[in-house]
Amino acid sequence: MFMKRFVYADNAATTPVSKKVLDAMLPYYTEYYGNPSSLYSVGRDAKKPLELAREQVAKALGAFSNEVFFTSGGSEANNWAIKGVAHEMAKKGKKHIITSKFEHHAVLHTVEALKKEGFDVTYLEVYHNGLVKPEDVEAAIREDTALVTIMYANNEIGTIQPIPEIGAICKKHQVLFHTDAVQAVGNVPIDVKAQNIDLLSLSGHKLHAPKGVGALYIRRGVRMPNLIDGGAQERGRRAGTENVAGIVGLGVAITEACDTMEERNQRLTKMRDRLIEGASKIERSRLNGDKTHRLPGNFNMCFEGIEGESLLLKLDFAGICASSGSACTSGSLDPSHVLLAIGLPHEIAHGSLRISFSDQNTEEDVDYILEVLPDIVSYLRDMSPLWDEIIHGKA
Ligand SMILES: *Cc1c(COP(=O)(O)O)cnc(C)c1O
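In the working numbering, the protein residues as written are 40 to 434.
Pasting the structure below:
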């Protein structure tokens with residue numbers, strides 16, 4: 040029997056707020072509670088940190104601070120970017136959008152909504168390695184293309200897309216390019232200018248800032264309708280009294296993530312690869328997504344003959360928080376659209392496991408997962424009629 044341990048390994052779903060971030064935020068709930076729009080000193084005291092956070096986010100992206108607009112998170116930023124550009128470009132008769140099959144639902148469902156309004160959508164193929172091909176983007180661009188939206192790193196299989204190459208193609212054809220970089224920010228070096236990104240979405244809670252805060256980068260010169268009409272906040276484009284403490288937290292978190300990226304990535308890559316190597320010893324297992332073009336902390340494997348849901352329950356019982364498919368779809372029995380997009384058959388896509396590490400995980404966590412995972416998989420297979428069929432029957 041193993042010594043039970045608690046391992047939070049679902050950082051692609053959300054991360055805990057770090058102590059450093061929380062400490063930076065707290066005074067903005069108590070001491071400096073003023074409305075940043077007010078002219079007296081408690082208000083001014085809340086305005087300055089807001090602008091500092093904007094500079095911190097801009098710096099992390101290689102943007103100018105007046106190109107950063109705070110939102111309530113990644114979903115809102117994606118909606119604003121995609122619907123905003125689509126509606127603006129439709130005025131010029133451009134009603135074609137290019138995206139990929141394995142985007143986050145905050146992108147896919149937004150694009151679906153536009154389709155109902157009469158937009159035409161091309162869904163690019165994601166190949167077996169979990170990557171889109173830049174040449175496919177180029178081939179899909181038409182006279183009436185309004186926007187290309189391709190995620191920077193996938194939230195389930197962690198694959199990192201060839202964003203600079205896609206950016207260069209969009210620039211060459213003068214088509215606007217948006218990327219959902221929620222999973223990439225702080226983990227992958229990003230430079231919106233060098234990579235020709237016109238719009239970029241990010242979220243705080245995936246990088247140790249709180250839930251409910253994020254940002255959209257809008258390149259100077261890109262025409263965007265207001266998201267929320269009202270006061271003059273966010274230069275009149277997204278009205279509403281700012282989430283000052285959350286924004287302060289985002290600024291600190293993104294700075295911390297970027298400053299420690301190199302050292303952390305080395306450590307997490309080592310842990311990830313050891314976990315992949317260990318879990319690959321389980322028979323009839325397979326890694327989903329490219330082995331190297333993936334986020335340092337992302338592990339995603341399928342184990343034939345078992346259901347992801349039962350695997351998660353068993354892991355939870357052993358103290359391990361992980362996921363199968365994405366958090367937004369679990370609870371439904373449909374296999375992940377991401378795994379189907381990379382060509383896995385339904386029955387295999389059902390048995391997937393995603394483990395995602397952050398800087399708070401350790402080598403001991405990897406040891407522990409490798410200690411319990413093979414036994415859990417065998418236990419579930421012993422009870423699975425599907426497994427029986429796989430080893431004795433057709434396969
Ligand atoms: C989590 C996530 C989102 C949604 O961000 P929220 O801040 O939770 O709205 C969007 N895209 C990707 C890739 C994500 O991982």
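From the three backbone atoms N, C-alpha and C, an ideal C-beta is built for every residue, glycine too.
Asked: Excluding the 5 residues flanking Tyr67 on each side, which residues of the same chain have their C-beta closer than 6 Å to its C-beta?; Found: Val283, Ala284 and Val287
Asked: In whole angstroms, what is the alpha-carbon distance linking Lys250 and Ile430?; Found: 45 Å
Asked: Can Gly328 and Gly243 be called in contact, C-beta distance under 8 Å?; Found: no
Asked: Between the stretch 265–278 and the stretch 225–245, do at least 3 Cβ pairs fall closer than 8 Å?; Found: no
Asked: From the DSSP secondary-structure annotation, give me the bridge partner or partners of Leu239.; Found: Thr218 and Tyr256
Asked: Contact between the stretch 409–417 and the stretch 66–86: three or more CB pairs below 8 Å?; Found: no
Asked: Less than 6 Å between C-beta atoms, sequence neighbours within five positions excluded: which residues of the same chain meet that for Ala51?; Found: Asn194 and Ser395
Asked: Between which two residues does the beta strand (DSSP E) harbouring Tyr162 extend?; Found: Asp159 to Leu163
Asked: Quickly, what does DSSP pair Met300 with across the bridge? List them, please.; Found: The partner list for Met300 (beta bridge, DSSP) is empty, contrary to what the question assumes.
Asked: Would you kindly check if the distance between the Cβ of Phe158 and the Cβ of Ala179 is under 8 Å?; Found: no
Asked: Comparing C-alpha positions only, which one of Ala85, Trp119 and His143 sits nearest to Ser375?; Found: His143
Asked: Pick helix, strand or coil for Tyr47, following the three-state DSSP scheme.; Found: strand
Asked: Taking 8 Å as the threshold (beta carbon to beta carbon), is Tyr162 in contact with chain D?; Found: Any reference to chain D falls outside this structure, which holds one protein chain only.
Asked: Quick one: what's got a C-beta closer than 8 Å to Leu61's C-beta in the same chain, skipping five residues either side?; Found: Gly288
Asked: Under DSSP, the alpha helix (DSSP H) around His148 begins and ends at which residues?; Found: His144 to Lys155
Asked: Is the stretch 81–94 close to the stretch 134–153, with three or more CB pairs under 8 Å?; Found: no
Asked: Helix, strand or coil, according to DSSP, for Phe396 in the structure here?; Found: coil
Asked: In chain order, what residues of the same chain lie with their CB nearer than 6 Å to the CB of Gly317, ignoring the 5 residues before and after it?; Found: Leu409
Asked: Tell me, which residues are paired with Cys360 by DSSP?; Found: Tyr47
Asked: Would you list the residues sitting across from Val377 in a DSSP beta bridge?; Found: Bridge partners of Val377: none, in fact.
Asked: State the Cα-Cα distance for the pair His167 and Gly382, rounded to the nearest angstrom.; Found: 6 Å
Asked: Tell me whether the beta-carbon of Thr138 lies closer than 8 Å to the beta-carbon of Tyr162.; Found: yes
Asked: Could you spell out where the alpha helix (DSSP H) holding Met340 opens and where it closes?; Found: Unbroken run through Met340 is the beta strand (DSSP E), Asn337 to Phe342; no alpha helix (DSSP H).
Asked: Please tell me whether, using a cut-off of 7 Å, the distance from the CB of Ala380 to the nearest non-hydrogen atom of ligand 1 is below it.; Found: no
Asked: What whole-angstrom Cβ distance do Pro203 and Leu170 have, given they're in contact under 8 Å?; Found: No, Pro203 and Leu170 are not in contact; Cβ-Cβ is about 13 Å, not under 8 Å.
Asked: Specify the secondary structure class of Ile315 as computed by DSSP and reduced to three states.; Found: helix
Asked: With DSSP collapsed to three states, give me the class of Ser324.; Found: strand
Asked: Decide if Pro424 is buried, meaning its Cβ has at least 16 other Cβ atoms within 10 Å, or exposed.; Found: exposed
Asked: Are the Cβ atoms of Arg311 and Asp398 separated by less than 8 Å?; Found: no
Asked: Just checking my contact of Ile236 with Thr218 at CB under 8 Å: how many whole Å lie between their CB atoms?; Found: 6 Å
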